[in-house]
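**Student:**
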Amino acid sequence: MRKSIHLTLVLSGVLAVAACSSGGGPGSSSGPVGLVQVGAYTGDQAFEAQFAASIDYPALEAINSAGGILGRQVSLIQVDTRSDPADALTSMDKALATNGNIAGILGPDSTSAATLVPLLNSKKLPMMIAAGESAYDRSSYSYLWRDVPPDPANGEAIALWAKRQGYTTVATVFGTDAGSQGDLPGVLAGLKAVGITLADQENLTPDQPSYRSSAQRLLAAKPQAIITESDGPTAATFFGELVQLGSVVPIIGTSGTPSTSYFSPLRGAIGNANFDKYFRAVVVGNPVANPAVTAFNKAVLAVQGKLAKPVTQWENNSFSESGYDAVVTLALAMDAAKSTDGSVYNGSIMQVTAPGPGKQVVYTYPAGMAALAAGHQIQYVGASGPMLFNSYHNSFGAQAVEQFPANAPAMVVGTISQAAVQALNG
Amino acid sequence: MLTVQALGFGVVSAALIAIGAMGFTLQFGLTNVLNISYGGAMTAGAFAAFIAAEWHLPVAVGVVFALLAGALLTWLLGRTLFAFYARRGAGVFEMVMVTLAVSLIIQFGIDAASHEQIYRFSFPQGASLRWGWFAFTVTQLVLVTVAVAVYTGLELLLRRTKLGKALRAMADQPRLARTCGIPTGKIVNVVWLLSGALAGLAGLAYVINSLTIDASVGTTFLPLVLAAAILGKAGSTRGAVLAALLLGLVTEEVSAWGGAPYATVAGFGILAIVLATRPAALAGQAAGKTEITV
Chain A
82 MRKSIHLTLV LSGVLAVAAC SSGGGPGSSS GPVGLVQVGA YTGDQAFEAQ
132 FAASIDYPAL EAINSAGGIL GRQVSLIQVD TRSDPADALT SMDKALATNG
182 NIAGILGPDS TSAATLVPLL NSKKLPMMIA AGESAYDRSS YSYLWRDVPP
232 DPANGEAIAL WAKRQGYTTV ATVFGTDAGS QGDLPGVLAG LKAVGITLAD
282 QENLTPDQPS YRSSAQRLLA AKPQAIITES DGPTAATFFG ELVQLGSVVP
332 IIGTSGTPST SYFSPLRGAI GNANFDKYFR AVVVGNPVAN PAVTAFNKAV
382 LAVQGKLAKP VTQWENNSFS ESGYDAVVTL ALAMDAAKST DGSVYNGSIM
432 QVTAPGPGKQ VVYTYPAGMA ALAAGHQIQY VGASGPMLFN SYHNSFGAQA
482 VEQFPANAPA MVVGTISQAA VQALNG
Chain B
3 MLTVQALGFG VVSAALIAIG AMGFTLQFGL TNVLNISYGG AMTAGAFAAF
53 IAAEWHLPVA VGVVFALLAG ALLTWLLGRT LFAFYARRGA GVFEMVMVTL
103 AVSLIIQFGI DAASHEQIYR FSFPQGASLR WGWFAFTVTQ LVLVTVAVAV
153 YTGLELLLRR TKLGKALRAM ADQPRLARTC GIPTGKIVNV VWLLSGALAG
203 LAGLAYVINS LTIDASVGTT FLPLVLAAAI LGKAGSTRGA VLAALLLGLV
253 TEEVSAWGGA PYATVAGFGI LAIVLATRPA ALAGQAAGKT EITV
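Shown next as structure tokens:
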């Protein structure tokens, strides 16, 4: 009996401490506004953390230097999925239990969306997901928003680019991990739709000591180009062996490939000259020139000490720009709703991004904040262009084909419009 | 044609696996410790060579770094931590758990120290050479030659030297060996150092081939090394080499036939079949010997 009493007292104490540390809940009107960046900071998909940093720090710089959201500074809470959906759930549960100021979510990504989206939706936390899975094309999750194309759209844009280059025979090389497979169905469907022959399809189990047989089979198929996505080490091993066995042909990477942790091993494996000559990636986001791009690049430079080097890789980077726009949009929606409570400001996300008569177009967070304070309706047009969410909260525009010179910003060498992608689907 | 080419690829893969498997089986055969931290020693060796390369030191110095890092780490663990647990009466299973914990500590320690990044491992691959349907780089041929040299050296050591005889005696009958006056401490030292050096060399060989390096190199590679060592019967370098050859050839042939994602599955499938039909391959060593010698 005495033991039971002691146990009850201890548990009560623990619960009381937990309650105190949780703060005032999501509607809390004091202290910093918490935004959770959930993604893979460790594990085999850890390169995603580099992207996250290129989004978070410039966006926070832009918002906090303008005075924050509703006069409160924004703090970043990093939740590590460890590249594993089960670990992601545990980590997120812990973050939600110990942080009472969480107002919005940046992410989750492909590796953890399946487990985290239902949880976060039930908590009424607006999330700007970075997962391209088709499952979210017509999602019923009302707190889910996506400003990157669904995976098939990127694959279809790649097929369109291949067609535009005059290729009639290509091969695909994809990692078998979930993060790398997302674009493959779109690529295959797109190739079929544009009439390009698939000469060879290689699926690589990541982290094997050798892919020589796969490389030899690909060479025997004589493709004019290779469409690919995998993790960096797998790409380095495969393409390195491809060079050893024969020669390189043009390589088209998906939107999942541009990152230092992919480029660096691949450059080492095939050589800088081959990389510069043959590698292109079709990436999300419409390359635009507007004041939002200038503001984004300025914010990148302001926080360059926190970003992976070289910092030039993040300037004019479509993926980073889309993520940055997502953060600014959440912040403006909170300003418009005058609340950091997700259940209140969720409806304002559409309100601050959709065009409309009499709306003031703004390109930066300070401009948007000032316009809202002056009582205007706004449309935020970001560094990635206008964000036109459909009824399923999906927005994607044109996609850019980019070249990646060493020690220089990515160069846009072509664009694939949203209309062209949609036309492919009939 | 591709099937024939895959034989050449299989030999290269086998060489990578064999270097690690010979070191592992040597140590396992003598100490009876299923040392999971061997993967950590492979990673340490690979990173030591990577550091040498980053310092622009000659390739030979990088190889020495890898050998030393693997040898010293393994020897240190064997003579201190594993010996401590053995003295406290840890059995075979408990020791596996200890080595697993050590393996995780090494992996995540290196992960933290390397800022959780994947690095390019630049190593000169040499020219591509073609002999009929077979294609190799100079470096791949060097790796195969190294594997053959290691095998030959170990066979000579085990069969032609006093040290080798003492080592085999200890592996078969440790108590009897001690009562016969064999300096067991000295032999154990040699085995930890030798197997550790081979672990470092195997880690280096792996990253030379894969061209990238991160903290998970050893743990990624370890299952293949373990499979070859177990398949070839613990303690037998010849068995380890033959098993590595079988694994290398099977995985590459399965890849050549279009089943790249199933290549590893096929390799481990063979291991499962052999263990089911010839359990002596594993039990031959472990069942008759429960004593840990560290």
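From first to last, the protein sequence lines are chains A and B.
In terms of this note's numbering, the first sequence has 225 at position 144, counting the first letter as 1, and numbering is strictly consecutive.
In terms of this note's numbering, the second sequence has 142 at position 140, counting the first letter as 1, and numbering is strictly consecutive.
Ideal Cβ positions, reconstructed from N, Cα and C, are used throughout, including at glycine.
Along the chain, where does the beta strand (DSSP E) that runs through residue 99 (chain B) open and close?
**Tutor:** Per DSSP, residue 99 (chain B) belongs to no beta strand (DSSP E); it is in the alpha helix (DSSP H), 94-115.
**Student:** Once the 5 residues before and after residue 103 (chain A) are set aside, which same chain residues still bring their CB inside 6 Å of it?
**Tutor:** Unreliable positioning characterises residue 103 (chain A) in this predicted model, as indicated by a pLDDT of 41, which lies under 50. A coordinate reading is not provided.
**Student:** Helix, strand or coil for residue 286 (chain A) per DSSP?
**Tutor:** coil
**Student:** Express the C-alpha separation of residue 82 (chain B) and residue 159 (chain A) in angstroms, rounding to a whole number.
**Tutor:** 39 Å
**Student:** Between residue 304 (chain A) and the rest of its own chain, which residues show a CB-CB distance below 7 Å, the 5 nearest in sequence each way excluded?
**Tutor:** 250, 251, 252, 280, 281 and 330
**Student:** Just the Cα atoms here: how many angstroms apart are residue 292 (chain A) and residue 275 (chain A)?
**Tutor:** 30 Å
**Student:** When DSSP labels each residue in this structure, what does residue 467 (chain A) get in the three-state scheme?
**Tutor:** Strand, per DSSP.
**Student:** Please confirm whether any heavy atom of the ligand FAD lies closer than 7 Å to the CB of residue 253 (chain B).
**Tutor:** The ligand content of the structure shown is nil, which means the ligand FAD is not present either.
**Student:** Express the C-alpha separation of residue 414 (chain A) and residue 425 (chain A) in angstroms, rounding to a whole number.
**Tutor:** 10 Å
**Student:** At 4 residues or longer, and completely inside the stretch 162-247 of chain A: list those alpha helix (DSSP H) runs for me, N to C.
**Tutor:** 166-179, 194-203 and 232-245
**Student:** Would you identify the three-state DSSP class for residue 342 (chain A), choosing helix, strand or coil?
**Tutor:** helix
**Student:** Taking 8 Å as the threshold (C-beta atoms), are residue 346 (chain A) and residue 313 (chain A) in contact?
**Tutor:** With respect to residue 346 (chain A), residue 313 (chain A) sits close: the two C-beta atoms are nearer than 8 Å.
**Student:** Beta carbon of residue 165 (chain B), beta carbon of residue 239 (chain B): below 8 Å?
**Tutor:** no
**Student:** Which value, in whole angstroms, describes the spacing of the CA atoms of residue 241 (chain B) and residue 159 (chain B)?
**Tutor:** 16 Å
**Student:** Checking contacts by CB at 8 Å: is residue 293 (chain A) closer than that to chain B?
**Tutor:** yes
**Student:** Please classify residue 402 (chain A) as buried or exposed, where buried requires at least 16 other C-beta atoms within 10 Å of its C-beta.
**Tutor:** Residue 402 (chain A) is classed as buried because its beta carbon has at least 16 other beta carbons within 10 Å across all chains shown.
**Student:** Are the C-beta of residue 283 (chain A) and some C-beta of chain B separated by less than 8 Å?
**Tutor:** yes
**Student:** Rounded to the nearest angstrom, what separates residue 163 (chain A) and residue 217 (chain A) at their Cα positions?
**Tutor:** In this structure, the straight-line span from the alpha carbon of residue 163 (chain A) to that of residue 217 (chain A) is close to 22 Å.
**Student:** Taking only runs of the beta strand (DSSP E) that begin and end inside the stretch 254-336 of chain A, which ones reach a length of at least 3 residues, in chain order?
**Tutor:** List check, beta strand (DSSP E) in window: 278-285, 306-310 and 332-334.
**Student:** Using beta carbons (cut-off 8 Å, strictly below), is residue 288 (chain A) in contact with chain B?
**Tutor:** Interface criterion met: the Cβ of residue 288 (chain A) is under 8 Å from a Cβ in chain B.
**Student:** Comparing the C-beta of residue 301 (chain A) with each C-beta of chain B, is any distance below 8 Å?
**Tutor:** yes
**Student:** What does residue 234 (chain A) touch in chain B if you count any residue whose Cβ is under 8 Å from its own?
**Tutor:** By Cβ distance, chain B contributes nothing, its closest Cβ being about 26 Å from residue 234 (chain A), past 8 Å.
**Student:** Taking CB distances under 8 Å as the criterion, tell me whether residue 345 (chain A) reaches chain B.
**Tutor:** yes
**Student:** The alpha helix (DSSP H) with residue 192 (chain B) in it runs from where to where?
**Tutor:** Secondary structure note for residue 192 (chain B): its alpha helix (DSSP H) is the uninterrupted segment 186-212.
**Student:** Could you please tell me which residues of the stretch 305-325 of chain A, in chain order, have their CB closer than 7 Å to any CB of chain B?
**Tutor:** The stretch 305-325 of chain A vs chain B, Cβ under 7 Å: 313, 314, 317, 318, 321 and 325.
**Student:** Three-state secondary structure (DSSP) at residue 77 (chain B)?
**Tutor:** Per DSSP, reduced to three states, the secondary structure at residue 77 (chain B) is helical.
**Student:** Do you know whose CA, among A:455, A:448, A:445 and A:459, lies nearest residue 429 (chain A)'s CA?
**Tutor:** A:459
**Student:** At 7 Å on the CB atoms, spell out the chain A contacts of residue 213 (chain B), in chain order.
**Tutor:** 317, 318, 321, 346, 349 and 350
**Student:** Beta-carbon within less than 7 Å of residue 106 (chain A)'s beta-carbon, same chain only, minus the 5 sequence neighbours each way: which residues are those?
**Tutor:** Residue confidence for residue 106 (chain A) is low, a pLDDT of 47 falling below 50, so the modelled location carries little weight; the figure read from the coordinates is stated next. So the list reads 181, once near-sequence residues are dropped.
**Student:** Please identify the residue among B:69, B:76 and B:57 whose C-alpha is closest to the C-alpha of residue 194 (chain B).
**Tutor:** B:76
**Student:** Is it true that the CB of residue 186 (chain A) sits closer than 8 Å to the CB of residue 200 (chain A)?
**Tutor:** Remark: C-beta atoms of residue 200 (chain A) and residue 186 (chain A) do not approach each other more closely than 8 Å.
**Student:** Would you mind stating whether residue 123 (chain B) and residue 30 (chain B) have Cβ atoms separated by less than 8 Å?
**Tutor:** no
**Student:** As a quick exercise: from A:286, A:353, A:326 and A:290, pick the residue whose alpha carbon is nearest that of residue 207 (chain B).
**Tutor:** A:290
**Student:** Between residue 105 (chain B) and the rest of its own chain, which residues show a CB-CB distance below 6 Å, the 5 nearest in sequence each way excluded?
**Tutor:** 38, 39, 41 and 42
**Student:** Which residue wins for smallest C-alpha separation from residue 214 (chain A), given the options A:207, A:190, A:208 and A:197?
**Tutor:** When A:207, A:190, A:208 and A:197 are compared, the shortest CA-CA separation from residue 214 (chain A) is found for A:190.
**Student:** Step through the CB atoms of chain B and report whether any lies within less than 8 Å of the CB of residue 297 (chain A).
**Tutor:** yes
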